[in-house]
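Colleague: Dropping a structure here in structure tokens format, bear with me for questions.
Number of protein chains: 2
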Amino acid sequence: MPSQPAKSVPDGQPLTQAERTAISDHAMLEAAIDLILEHGTDKTTLQAIGEKAGYSRGLVTYRFGSKAGLLDAVCKAVSRRWLEYLKRGVGKASGIDAMCAALDAFLHFVSDSPRDARVLQILYCGAASPRSEYRQTSVNIHQRQQDDVVSWILAGIAAGTIRPDTDARSIAAHYIAYISGMTYLWLVNPGSIDFRKANDDMKLHLRLILAATPAGTPGLTDLNRLQ
Amino acid sequence: MPSQPAKSVPDGQPLTQAERTAISDHAMLEAAIDLILEHGTDKTTLQAIGEKAGYSRGLVTYRFGSKAGLLDAVCKAVSRRWLEYLKRGVGKASGIDAMCAALDAFLHFVSDSPRDARVLQILYCGAASPRSEYRQTSVNIHQRQQDDVVSWILAGIAAGTIRPDTDARSIAAHYIAYISGMTYLWLVNPGSIDFRKANDDMKLHLRLILAATPAGTPGLTDLNRLQ
DNA sequence: TACTCACTTGCTTGTCGCCAACAAGTAAAA
DNA sequence: TTTTACTTGTTGGCGACAAGCAAGTGAGTA
Chain E
179 MPSQPAKSVP DGQPLTQAER TAISDHAMLE AAIDLILEHG TDKTTLQAIG
229 EKAGYSRGLV TYRFGSKAGL LDAVCKAVSR RWLEYLKRGV GKASGIDAMC
279 AALDAFLHFV SDSPRDARVL QILYCGAASP RSEYRQTSVN IHQRQQDDVV
329 SWILAGIAAG TIRPDTDARS IAAHYIAYIS GMTYLWLVNP GSIDFRKAND
379 DMKLHLRLIL AATPAGTPGL TDLNRLQ
Chain A
179 MPSQPAKSVP DGQPLTQAER TAISDHAMLE AAIDLILEHG TDKTTLQAIG
229 EKAGYSRGLV TYRFGSKAGL LDAVCKAVSR RWLEYLKRGV GKASGIDAMC
279 AALDAFLHFV SDSPRDARVL QILYCGAASP RSEYRQTSVN IHQRQQDDVV
329 SWILAGIAAG TIRPDTDARS IAAHYIAYIS GMTYLWLVNP GSIDFRKAND
379 DMKLHLRLIL AATPAGTPGL TDLNRLQ
């Protein structure tokens, strides 16, 4: 966050147009994140963002079209960082292992980049508003993650590590809802959530619910019948 | 929602001051719910609320102090309706039965009063914003529900229906997070969630995770050792 | 019981500062 | 010279506050 615009490199060389936009774009997105974390989206003004980034009040609108356009851009930028984090954490894993690795990745994301994690949850919450102009971005991200979980489960079933009577879509929705809900509770009341403990429990539950059992052990359908 | 203020009862009798405030309060809260559902909190204006309720643009501020005060009042009013629904649905149940009954109560709440359910989730999401002036209301409601779940679990352990090595607080957090997350996903993308199916699965999982097992069956701690 | 008058309360209107959006303009790069 | 990055002037709309109006209230008096 430069306190004044960087219109030239230290040695006095002029910047190209592309460099200038890249620099100002980045400065405005970072300034927006800081201000959203401090004041929330609606009490963050475009003037404050522009000036904190080292520019005028008008540049944000000029570059992103509108305030909603900026929020969408922030949402996409931070989501991209999280998805890279997730991708690296899960690697080539699949089945229950992938689901556990994703939980670990999220735990690390929250502790390594709490700034990103918090602003992302704030923006996802903002997307719940009717007429939100970046709701689709949130829906797409969540859908993409849910699809990933579905494919992990199907791979697990194919590999024989997950019981074949599992409803992949339903479990995936449950899994994504759990993470989303936990993050919300953590955001509004950080002290009330022990993420590490919660994740350890969740991993245990996943194995209990999904793990293929040796023949003879009662399965889910049997348990269902007992209800 | 009267199209014009009701300043007297049909027979021409004047209203008492208390009746007038009760009528206008209710009209403004209901108007606010409709407008929030249609436009979201930030694009809902106090003028629109006042006029839809049949009054002037100034009454909302006069009565609720500020826009945030109004949102807090709406949040409390709708939360109260949900908690009564929950109370009636759960009754005297405890343990796993209470947790399943609460899931059913929520399912019925969503299908019977989708207006309330949606606006409540929108407001809870708004409470995630830093400097939200009604965050505490959301935190209190969630905390209260979580405490209820804890007491159900402890009662279940005492009654022998829930395995004694259960971490009540952690399970309660998981349970509340699941409901919260599911509701969010339903709100932003209604088609993607089959609440009935999800709830049936959740009930199954709860029994699988919490049910006290006859001696000899492997418990959670044994499963843990296998990890 | 009926009337009165000072007081309180419900509600409206005028006004101010602030904000997002847009358009016109300036300066720097190509 | 043309294009692009960025700034500044302006406008309409919003929330908040304060002043004012009108309707309701209740104690005192006869």
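If you're matching them up, the sequences are chains E and A in order. Residues in the first sequence are numbered consecutively from 179, following the numbering used here. Residues in the second sequence are numbered consecutively from 179, following the numbering used here. Built from N, CA and C at the ideal position, the CB exists for glycine as well.
Determine, for residue 380 (chain E), whether the minimum Cβ-Cβ distance to residues of chain A falls below 8 Å.
Modeller: yes
Colleague: Taking 8 Å as the threshold (C-beta atoms), are residue 359 (chain E) and residue 376 (chain A) in contact?
Modeller: no
Colleague: Counting contacts by CB-CB distance shorter than 8 Å, is residue 387 (chain A) in contact with chain E?
Modeller: yes
Colleague: Helix, strand or coil for residue 335 (chain E) per DSSP?
Modeller: helix
Colleague: For residue 369 (chain A), collect the residues of the same chain with a Cβ closer than 7 Å to its Cβ; drop the 5 residues on either side in sequence, then sort them by chain order.
Modeller: none
Colleague: If you measure from the beta carbon of residue 317 (chain E) to each beta carbon in chain A, is any gap under 8 Å?
Modeller: yes
Colleague: Do residue 227 (chain E) and residue 213 (chain E) have their C-beta atoms closer together than 8 Å?
Modeller: yes
Colleague: For residue 340 (chain A), which residues does DSSP report across the bridge?
Modeller: A:389
Colleague: Return yes when the C-beta of residue 281 (chain E) is under 7 Å from any heavy atom of the ligand MN, and no when it is not.
Modeller: What this structure holds is no ligand at all, so the ligand MN is not there to describe.
Colleague: Could you please tell me which residues of the stretch 217-236 of chain E, in chain order, have their CB closer than 9 Å to any CB of chain A?
Modeller: Cβ contacts with chain A come from 217, 218, 219, 220, 221.
Colleague: What's the call for residue 233 (chain E), buried or exposed, on a 16-neighbour Cβ count within 10 Å?
Modeller: Residue 233 (chain E) is buried by the Cβ-count criterion.
Colleague: Buried or exposed for residue 391 (chain E), please, with buried defined as at least 16 other CB atoms from any protein chain shown within 10 angstroms of its CB.
Modeller: exposed
Colleague: Below 9 Å between beta carbons is the criterion; list the residues of the stretch 194-220 of chain E that meet it against any residue of chain A, in chain order.
Modeller: 214, 215, 216, 217, 218, 219, 220
Colleague: Which chain E residues are close to residue 359 (chain A), counting only those with a beta carbon under 8 Å from its beta carbon?
Modeller: Neighbours of residue 359 (chain A) in chain E, taken as residues at a C-beta separation under 8 Å, are given in chain order as 354, 355, 356, 357, 358, 359, 360, 362.
Colleague: If you follow the alpha helix (DSSP H) that residue 193 (chain A) is part of, which residue opens it and which one closes it?
Modeller: First-last for residue 193 (chain A): undefined, no H or E at that position.
Colleague: Taking only three categories from DSSP, how would you classify residue 233 (chain A)?
Modeller: coil
Colleague: For residue 363 (chain E), which residues in the same chain have their Cβ closer than 6 Å to its Cβ, ignoring the five residues on either side in sequence?
Modeller: The answer, listed in chain order, is 371.
Colleague: Less than 8 Å between CB atoms is the rule here; does residue 313 (chain A) satisfy it with respect to chain E?
Modeller: With its beta carbon less than 8 Å from one in chain E, residue 313 (chain A) belongs to the interface.
Colleague: State the Cα-Cα distance for the pair residue 230 (chain A) and residue 292 (chain E), rounded to the nearest angstrom.
Modeller: 42 Å
Colleague: Count the other CB atoms within 10 Å of the CB of residue 320 (chain A); is the residue buried (16 or more) or exposed (fewer)?
Modeller: Per the 10 Å Cβ criterion, buried.
Colleague: So, residue 215 (chain E) versus residue 296 (chain E), is the Cβ gap smaller than 8 Å?
Modeller: yes
Colleague: For a quick check, are the C-beta atoms of residue 357 (chain E) and residue 344 (chain E) less than 8 Å apart?
Modeller: Contact annotation: residue 357 (chain E) and residue 344 (chain E) have beta-carbon atoms that are not nearer than 8 Å.
Colleague: Output needed for residue 299 (chain A): all residues of its chain with C-beta closer than 7 Å, excluding positions within five of it in sequence on either side, in chain order.
Modeller: 361, 362, 365
Colleague: Reducing DSSP to helix, strand and coil, say where residue 308 (chain A) ends up.
Modeller: Three-state result, residue 308 (chain A): coil.
Colleague: Residue 377 (chain E) versus chain A: which residues are under 7 Å apart at the beta carbon?
Modeller: Per Cβ cutoff of 7 Å: no residues; residue 377 (chain E) is ~10 Å from chain A at best.
Colleague: For residue 315 (chain A), does the three-state DSSP call read helix, strand or coil?
Modeller: helix
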